[in-house]
Structures are given as C-alpha cells and as structure tokens.
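Everything in the sequence shown is counted per our numbering, starting at 3 for the first residue and increasing by one. We put the CB at the ideal spot given by N, CA and C, even for glycine. See below for the structure under consideration.
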Amino acid sequence: MSGKIIEFRPKTPLRIQVLGDEYEITDDLYFGGCPVCKKSGYFLNVERDHWCVCDEHKTCWSIGSNLFSNWMNEDWATWQRNNAKLLTCTVVDPWYPENR
Ligand SMILES: [Zn+2]
3 MSGKIIEFRP
13 KTPLRIQVLG
23 DEYEITDDLY
33 FGGCPVCKKS
43 GYFLNVERDH
53 WCVCDEHKTC
63 WSIGSNLFSN
73 WMNEDWATWQ
83 RNNAKLLTCT
93 VVDPWYPENR
C-alpha cells in the first residue's frame, strides 16, 4: 500500500495511509498516542471531526476538526460506521513523548 499525502492545515502535509474508512498516521505521534500502548494508531472522520483510535485498547481521542480535507470525500454511511466504532471506545487524553 502506498503512502498518500493528504492536505493538512495549517502545518506541513502529513503522510498517512488510506485504509478504507480509516487513515493511518505514519508520521510518529504528531497527534499523540494511546495512553496504554503509546501508539498513534489511525484516525477516522465523523463529518469534519477527526478521531484517533486504538483498536487494541478501545481508546479514542479527538485531534481536531477540518484539518484534513479527506472528510469531504466521505458520506453519511461512512460517518455512521465510524461513529458506531467510536461509541465502542473510551475517550481519553492522548499520550505525548516528553521531547517533542
Ligand atoms: Zn493502545
């Protein structure tokens, strides 16, 4: 699977992988990690809101709204699937490395 640059404002483009409804963050921990395993996991969108998710520990944390343009290519069915997944997760404060 090839990396794809998706527009990210206002910072520089972030390299992420598109995995169906989900977007893997391949630049380490820019948006923090799961407080249990310290991995950044992936994010998904519910309308214009972006959420990181750790499937293993069922955690999620909000990373902002309308930072990536990809949500505009999605539809209600995708957001309903994504919202259903978020409802299975606990909202947490993300972990960040000390030297960032
Ligand atoms: Zn985790």
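Using three-state DSSP, classify residue i as helix, strand or coil.
i: ASN47; result: strand
i: SER71; result: helix
i: ASN84; result: helix
Using DSSP's beta-bridge definition, name the partner residues of residue i.
i: THR90; result: Partner(s): none; THR90 has no beta bridge.
i: CYS55; result: Reading off the sequence shown, one finds Val at residue 55, where the question assumed Cys. DSSP lists TYR44, CYS62 as partners of VAL55.
i: TRP97; result: GLY35
Going along the chain, which residues of its own chain have a beta-carbon closer than 7 angstroms to the beta-carbon of residue i, five neighbours each way excluded?
i: LYS60; result: THR90, CYS91, THR92
Give every residue of the same chain whose Cβ lies closer than 8 angstroms to the Cβ of residue i, excluding the five residues on either side of it in the sequence, and list them in chain order.
i: SER67; result: ARG50, ASP51, HIS52
Residues in its own chain within less than 6 angstroms of residue i by CB, not counting five upstream and five downstream?
i: PHE33; result: CYS54, ILE65
i: ASP77; result: none
i: CYS56; result: CYS36, GLY43
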